[in-house]
Structure formats: structure tokens, C-alpha cells
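Engineer: Residue numbers (the working numbering): 1 to 467. Here it is: the structure, laid out below.
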């Protein structure tokens with residue numbers, strides 16, 4: 001396992017490497033009390049309340065076997081598998097799909113997909129998008145996984161209603177085509193699932209959406225795709241135990257959280273996630289929800305007001321070297337860049353000979369694309385470091401189920417630790433709820449009449465500011 005351990009290099013966060021904007025031992029000493037509090041609070045709360053995600057890597061043996069069995073049945077019966085969800089219910093499955101499946105999964109043959117169905121994630125209510133899906137797939141060949149813990153998520157339940165209606169109009173039994181993933185104890189969807197006889201998996205009570213990838217929310221889609229979900233959970237367990245059982249200095253997730261906490265205190269309020277692998281492109285999206293929704297809060301734990309957080313930004317190496325790196329290199333000192341490097345890519349492509357008359361092209365010949373993407377990452381790291389910009393690198397020995405499980409668990413732990421250092425609740429989302437409530441009111445949901453009045457009164461708008 002040690003050879004497959006992911007690693008963290010934070011040299012380029014330190015003053016003796018990067019210069020005056022870097023951190024010193026004094027910076028770490030200044031936040032030692034907050035770090036100790038975060039560790040103590042985490043140890044006290046793990047496994048309780050909305051920290052149920054800390055138990056997912058060892059409490060799901062029976063569920064995992066049921067998921068694997070169900071996934072085999074789906075693979076045997078259906079040519080398409082569609083996730084209906086939003087937020088963590090979509091971003092988790094998308095990121096794992098992108099990381100571990102063929103990068104053109106839906107375009108290659110089922111043999112190349114190793115028997116897996118085509119995969120779609122519908123995470124929006126754009127009517128053109130839903131129409132595009134329904135004119136692309138054949139309903140009789142499709143299994144739909146409806147994922148919402150509350151069963152009142154407007155977007156997901158809208159999708160469910162559209163799909164159920166379409167199945168019925170096509171003369172198909174929705175029970176044969178729908179699997180639900182929801183709360184076992186509350187909400188609308190569990191009631192619907194029981195009434196209509198849908199196969200159902202349960203989201204544990206203590207697991208919020210953005211921390212849900214390692215429960216049935218993410219494990220069922222992954223298993224349907226042929227991904228080794230046991231290896232993912234093993235990776236998560238390995239990282240969890242390596243961090244939680246370590247002293248502070250050797251806790252990778254805690255160190256990563258501390259670096260960001262110091263950076264926030266110094267005005268570096270943007271966190272750039274920059275993986276150098278197309279497979280990790282959507283891990284940056286998943287991280288953006290995890291980090292932004294968890295840390296962007298306006299109340300401390302004791303209820304006193306604040307406005308804290310760090311804005312996450314997604315990027316992709318080397319693509320965004322040609323769009324964002326100019327800003328990161330020469331722009332404001334307000335960012336922390338997290339590079340994600342892959343030591344060994346799963347494929348090797350050699351650059352063939354050619355263009356001998358053009359030395360500034362021919363020099364590439366004989367090298368590999370593997371060498372090129374690695375050189376571009378190192379060069380970008382050098383450029384931003386030379387400019388005195390904070391950056392650090394996470395190294396994956398290879399991208400597989402075990403290392404991906406580690407990476408996701410490390411980010412979840414890092415988020416919890418940093419939230420506790422900031423003295424906020426990283427597991428609630430009152431800002432999201434306000435928008436949801438306003439949507440309910442606008443569409444006439446019973447019980448939201450007062451909110452509708454508030455919206456109608458609204459903020460006065462002036463014609464002089466409209467063009």
C-alpha cells in the first residue's frame with residue numbers, strides 16, 4: 001500500500017523557498033491553538049451528527065455487496081444508466097466516472113467499456129438538456145438512478161416526474177427502470193419509493209450531499225460502470241487511518257488545512273485546484289462544491305456574525321495554462337494553487353518523428369506525451385514559484401480506485417479540519433437553503449406564502465440602471 005500512497009509537497013508555501021510571501025515557523029506557531037482545537041473537535045465529533053461520512057469506509061459491507069449485485073443486474077439488462085441528481089449527488093459520480101473510465105466512454109463499443117452501459121448525469125433543469133437526453137436514449141434500454149436525500153429537491157424531483165411520465169407513456173413500468181437513493185427515515189422520495197416499489201439504497205443520516213460519494217450515492221453508479229468500489233473504500237480507509245491516527249505534524253489532511261487557514265488569514269482568499277490529468281478534471285469541480293459550500297459561512301459556531309471562506313476555482317493542466325496562468329503568475333497575491341500530479345499515466349504515447357525542417361517543432365520528436373505534460377506541470381510550478389505565488393503539489397503514484405479514494409478522503413478531512421479552525425460549521429448550508437426557499441415561493445409551494453410576499457416586495461429596481 002505504501003507505494004500507492006499519495007503525497008503532499010508544500011515546499012512552495014514556505015518563505016525559505018518562495019520568498020517573503022511564504023510561510024514561516026512563526027506562522028505555524030501562531031495558529032497552533034486553532035490546529036489543536038480542530039483536531040480535538042474532530043476527534044470528539046467523528047461519527048456523530050453530520051460527520052457520519054467518517055464511518056463510510058468500514059460500516060457498509062452488506063450495503064456494498066447489495067450494490068455490487070444490483071450493478072451486475074443493471075449491466076446485464078440496460079444499455080444506458082442515467083443519474084438524476086444535483087450537487088454532490090451529481091458531482092461525485094461525474095468525477096469518479098471521469099477519473100476511472102475511458103475518457104470517451106459513451107462513444108466506444110460496449111466491449112471497450114467492459115460491459116458497462118453508457119453513462120449520463122442530468123444535474124440541471126434546462127429543458128433543452130432534458131429533451132436532448134430523451135431524444136438520445138431509448139427508454140426501454142435505460143435505468144434511472146434518482147438521488148435526493150430529502151426527496152424535495154426541486155430539480156431532481158422535476159426530472160423524476162418527467163422521466164416517470166415518459167416511461168408510462170411509452171408503456172413501460174417505472175418500477176423496472178428506476179432505482180432510488182434517498183434517506184431511509186424521512187423525506188418524500190422514500191415514501192414514493194415504497195409506494196411504487198422501487199429498488200432503494202439509503203443515504204446515511206449523518207452524510208451530507210457533498211460528503212456522499214463514498215456511500216450509495218456514488219458507489220452504485222461507480223459499480224454499474226465496473227469500477228472497483230471496494231478498492232475506493234480501501235483507499236479512503238487508508239488515508240483516514242493515516243491521518244487520524246497520526247500526530248499533527250504527520251497528518252497530511254491537517255497540514256493541508258493548516259496551510260489554507262494561514263493563507264486565508266493572510267488574505268489569500270482564492271483556492272485554485274489544478275490537476276494535470278484529464279481524468280481528474282471533474283475532481284476540481286467536486287472540490288469546488290466541497291470547499292466552497294462547506295467554508296463559506298456568515299456565522300461562527302457560537303452564532304456571532306462573520307463572513308468567512310475561500311473561493312474555489314477549477315482549472316485543468318495544461319489546458320488552462322493558455323487561459324488562467326497569466327493571471328496566477330502576474331496577478332494579485334490572493335491565491336493558493338494546488339497542483340495535482342500523476343507520477344505514472346496509464347498509457348504512454350510517443351511523439352513520432354517529423355517536421356525536421358522546423359527545429360522548434362522537431363525537438364519534441366522522440367519524447368513522449370507523458371514527458372511533455374510532466375514538463376509543463378513542472379514549468380508552471382516553477383513560473384508561479386519564481387513569481388512568489390503560493391503553491392503546493394499533491395502526487396498520485398497512479399490514478400486508480402485506491403489512490404482516488406485516498407484523494408477524496410483527504411479533501412474531505414482537510415475541509416472538516418479547516419472549517420473547525422475557522423470556527424464555523426462546515427456541514428450546514430443556510431445560504432443554499434435561502435435560494436431553495438425563494439424558488440419554492442416563486443413556484444407557489446404551499447407553506448411559502450410569506451416568502452412569496454417578501455420576494456414580491458423585493459429590492460426596488462431603477463430604470464436608469466437598465467439598458
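Backbone N, C-alpha and C fix where the C-beta goes; we use that ideal spot for every residue, glycine too.
#1: Within the continuous beta strand (DSSP E) that includes residue 122, where are the two ends?
#2: How about residue 539 and residue 229: are their beta carbons less than 8 angstroms apart?
#3: So, helix, strand or coil for residue 247, using DSSP?
#4: Would you kindly work out how many angstroms separate the C-alpha atoms of residue 192 and residue 395, rounded to a whole number?
#5: Considering only the beta carbon of each residue, do residue 341 and residue 276 sit closer than 8 angstroms?
#6: Along the alpha helix (DSSP H) that carries residue 301, what are the first and last residues, could you check?
#7: Which residues in the same chain have their Cβ closer than 8 angstroms to the Cβ of residue 14, if we skip the five residues on either side of it in sequence?
#8: Considering only the alpha carbon of each residue, which of 378, 403 and 422 lies closest to residue 262?
#9: Please work out which residues of its chain come closer than 7 angstroms, Cβ to Cβ, to residue 196, disregarding the five sequence neighbours upstream and downstream, and give them in chain order.
#10: Rounded C-beta distance between residue 213 and residue 52? I'm assuming under 8 angstroms.
#11: So who's on the other strand from residue 189, going by DSSP bridges?
#12: Taking residue 139 and residue 167 to be in contact with their CB atoms under 8 angstroms, please state how far apart those CB atoms are, rounded to whole angstroms.
#13: Which residues in the same chain have their Cβ closer than 7 angstroms to the Cβ of residue 78, if we skip the five residues on either side of it in sequence?
#14: Round the Cβ separation of residue 337 and residue 274 to the nearest angstrom and send it over; I've been treating them as touching at under 8 angstroms.
#15: Give the DSSP bridge partners of residue 144, in chain order.
#16: Can you list the beta strand (DSSP E) stretches of 3 or more residues lying completely in the stretch 355-416, in chain order?
#17: Just list the residues that DSSP pairs residue 201 with in beta bridges.
#18: Given 7 angstroms as the limit, tell me if residue 25 has its C-beta closer than that to any heavy atom belonging to the ligand FAD.
#19: So, do the stretch 413-429 and the stretch 251-265 have three or more beta carbon pairs nearer to each other than 8 angstroms?
#20: According to DSSP, what are the bridge partners of residue 339?
#21: Give the straight-line distance between the Cα atoms of residue 431 and residue 441, rounded to the nearest whole angstrom.
#22: Would you tell me roughly how many angstroms separate the C-alpha atoms of residue 219 and residue 67, rounded to the nearest one?
#23: Three or more C-beta pairs under 8 angstroms: does that hold for the stretch 237-244 against the stretch 293-309?
#24: Please confirm whether residue 204 and residue 181 have their CB atoms less than 8 angstroms apart.
#25: Please name the residue in 412, 266, 294 and 317 whose C-alpha comes closest to that of residue 30.
#26: Give me the Cα-Cα distance between residue 390 and residue 3, rounded to the nearest whole angstrom.
#27: Out of curiosity, what's the CA-to-CA distance linking residue 158 and residue 439?
#28: From the DSSP output, in three-state form, read off residue 306 for me.
#29: Can we say the stretch 107-126 touches the stretch 290-300, given the rule of at least three CB pairs closer than 8 angstroms?
#30: By a C-beta neighbour count over all protein chains shown, 10 Å radius and 16 as the cutoff for buried, is residue 272 buried or exposed?
Structural biologist: Walking through what the data contain:
#1: Residue 122 sits at position 122 when you count from the first residue of the chain shown. Element bounds for residue 122: 118-122.
#2: Residue numbering for the chain in the displayed model covers 1 to 467; residue 539 lies beyond these limits and cannot be assessed.
#3: For the purposes of this step, residue 247 is taken as the residue at position 247 of the chain shown. Coil.
#4: The residue you call residue 192 lines up with position 192 of the chain shown. The residue you call residue 395 lines up with position 395 of the chain shown. Roughly 45 angstroms separates the two Cα atoms.
#5: Residue 341 sits at position 341 when you count from the first residue of the chain shown. Residue 276 sits at position 276 when you count from the first residue of the chain shown. Closer than 8 angstroms, so yes.
#6: Stepping through the chain shown from its first residue, residue 301 is reached at position 301. That residue, residue 301, is in no alpha helix (DSSP H); it is neither H nor E in DSSP.
#7: As a working note, residue 14 is residue 14 in the chain shown. If we look at residue 14 and ignore the five residues flanking it on each side, its Cβ neighbours are 22, 23 and 24.
#8: Taking the first residue of the chain shown as 1, we reach residue 262 at position 262. Comparing Cα-Cα distances from residue 262 to each of 378, 403 and 422, the minimum goes to 422.
#9: Translated into the one-based positions of the chain shown, residue 196 becomes position 196. Here the set comprises 174 and 175.
#10: Taking the first residue of the chain shown as position 1, residue 213 is located at position 213. Taking the first residue of the chain shown as position 1, residue 52 is located at position 52. No, residue 213 and residue 52 are not in contact; Cβ-Cβ is about 13 angstroms, not under 8 angstroms.
#11: On the chain shown, position 189 is the one that residue 189 refers to. Bridge partners of residue 189: none, in fact.
#12: By one-based count along the chain shown, residue 139 stands at place 139. By one-based count along the chain shown, residue 167 stands at place 167. 6 angstroms between Cβ atoms; contact.
#13: Here residue 78 refers to the residue found at position 78 when the chain shown is read from its first residue. Here the set comprises 117, 141, 142 and 143.
#14: Position 337 of the chain shown holds residue 337. Position 274 of the chain shown holds residue 274. Confirmed, Cβ separation roughly 6 angstroms.
#15: For the purposes of this step, residue 144 is taken as residue 144 along the chain shown, with counting starting at 1. 82 and 178, per the DSSP bridge assignment.
#16: 390-396
#17: The residue labelled residue 201 in the question sits at position 201 within the chain shown. In DSSP, residue 201 forms a bridge with 181.
#18: Of the ligands one can find in the structure shown there are none, so the ligand FAD has no counterpart to examine.
#19: yes
#20: Residue 339 sits at position 339 when you count from the first residue of the chain shown. Answer by DSSP bridge pairing, in chain order: 274 and 393.
#21: Taking the first residue of the chain shown as position 1, residue 431 is located at position 431. Taking the first residue of the chain shown as position 1, residue 441 is located at position 441. Computed Cα separation, rounded: 16 angstroms.
#22: For the purposes of this step, residue 219 is taken as residue 219 along the chain shown, with counting starting at 1. For the purposes of this step, residue 67 is taken as residue 67 along the chain shown, with counting starting at 1. C-alpha separation (whole angstroms): 7 angstroms.
#23: no
#24: Taking the first residue of the chain shown as 1, we reach residue 204 at position 204. Taking the first residue of the chain shown as 1, we reach residue 181 at position 181. Cβ distance not < 8 angstroms, so residue 204 and residue 181 don't count as in contact.
#25: Counting from one through the chain shown, the residue named residue 30 turns up at place 30. For the residues 412, 266, 294 and 317, the minimum Cα distance to residue 30 belongs to 266.
#26: Within the chain shown, residue 390 is the residue found at index 390, counting from 1. Within the chain shown, residue 3 is the residue found at index 3, counting from 1. Taking the straight line joining both Cα atoms gives about 28 angstroms.
#27: Here residue 158 refers to the residue found at position 158 when the chain shown is read from its first residue. Here residue 439 refers to the residue found at position 439 when the chain shown is read from its first residue. Approximately 13 angstroms, taken between the alpha carbons.
#28: Working through the chain shown from its first residue, we reach residue 306 at position 306. Of the three classes helix, strand and coil, the one that applies to residue 306 here is strand, per DSSP.
#29: no
#30: Indexing the chain shown from 1 puts residue 272 at position 272. Buried: at least 16 other Cβ atoms inside 10 Å.
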